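This note's numbering applies: residue 90 is where the sequence shown begins, and numbers increase by one. Ideal Cβ positions, reconstructed from N, Cα and C, are used throughout, including at glycine. These figures come from a predicted structure and were not determined experimentally. Read through the structure below, which is laid out as structure tokens, and then see the notes.
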Amino acid sequence: MQMQKNPKRRGLLLVISSPSGVGKTSIVKQLMSLDSELTMSVSATTRPKREGEVDGKDYHFMDEATFQARLQEGAFIEHAKVYGNYYGTPRQFVFDQLDQGLDVVFDIDWQGTQQLAQVARQDLVSIFVLPPSLDELEKRLRGRGLDTQEVIEKRLAQTASELSHWAEYDYVVINDNLEKTVLRVQNILNSERLKRIRQTDLTDFVRGLASQC
Ligand code: 5GP
90 MQMQKNPKRR GLLLVISSPS GVGKTSIVKQ LMSLDSELTM SVSATTRPKR EGEVDGKDYH
150 FMDEATFQAR LQEGAFIEHA KVYGNYYGTP RQFVFDQLDQ GLDVVFDIDW QGTQQLAQVA
210 RQDLVSIFVL PPSLDELEKR LRGRGLDTQE VIEKRLAQTA SELSHWAEYD YVVINDNLEK
270 TVLRVQNILN SERLKRIRQT DLTDFVRGLA SQC
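Structure (structure tokens):
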């Protein structure tokens, strides 16, 4: 009997959103280190670089004029103003990765998620991450020491409005423990990869099997 190669799969867009301080960056970092078929979408932003952030790795940092010029050129698949700064997802990168059979992870807000849903609903898998409590969220935001007091207050003030979008997502996960949360996200990802519509070579594969019966 001839061996069949594994059926190929259509790449998916995995969006992870949450209010600021819920731990999304840590979740995504862990997830990326555990899964070689995932690649991260690096957004463009007009936000000032934080200490330790690397241009081109954490974000493509740019001034507002450059951002607006890129936007006019149609370089972003989605964009939004979040906490007073502009953010956008480079279009070309996403399509290049999907072409290579990779899944792309996006750390973007609800506005960007809605825009991605308009252009690629079938390929989109969206997860909203909730904090275990508001006290915990505030502790994390203040404790990470990344932002000024003013920025932290601004982000906290928007928490309720960010939280209100939870029901627009396919999945909701409470980040009460990082390892457990990453495991839950991996479970979602692995199940979504097995969806019949994503296994694009399945028809030929089954035909091949049937022909050998
Ligand atoms: P931060 O400034 O803390 O890195 O990100 C602030 C917020 O902007 C987060 O909620 C993050 O998910 C969101 N964000 C980051 N990049 C993008 C993007 O390209 N598009 C949209 N819509 N939101 C983004």
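Enumerated in chain order, which unbroken segments of the beta strand (DSSP E) with a length of 3 residues or greater are wholly contained in the stretch 123 to 199?
-> Qualifying beta strand (DSSP E) stretches, in chain order: 127 to 129, 165 to 171, 174 to 179 and 192 to 195.
Using 7 Å as the cut-off, classify the Cβ of residue 196 as near or not near the heavy atoms of the ligand 5GP, replying yes or no.
-> Yes - the ligand 5GP has a heavy atom lying nearer than 7 Å to the Cβ of residue 196.
Would you list, in sequence order, the uninterrupted alpha helix (DSSP H) runs of no fewer than 4 residues that lie entirely inside the stretch 205 to 252?
-> Listed in chain order, they are 223 to 232, 238 to 246 and 248 to 252.
DSSP on residue 103, reduced to helix/strand/coil?
-> Here residue 103 sits in strand by DSSP.
Neighbour-count burial assignment, residue 299, 16 or more Cβ in a 10 Å radius = Classification of residue 299: exposed, given that the 10 Å Cβ count is below 16.
With 16 other Cβ atoms within 10 Å as the buried cut-off, status of residue 137 | That one is exposed.
Could you check which residue in 271, 99, 131 and 221 has the C-alpha nearest to that of residue 178?
-> It is 131.
Helix, strand or coil: which one does DSSP assign to residue 274?
-> Three-state DSSP puts residue 274 in a helix.
Reference residue 70; option with closest CA among 102, 112 and 200 = This structure gives no information on residue 70, because the portion of the chain shown stretches from 90 to 302.
Cβ shell of residue 151 (< 8 Å), same chain only, five flanking positions each side left out = Within the same chain, residue 151 has close Cβ partners 133, 134, 135 and 159.
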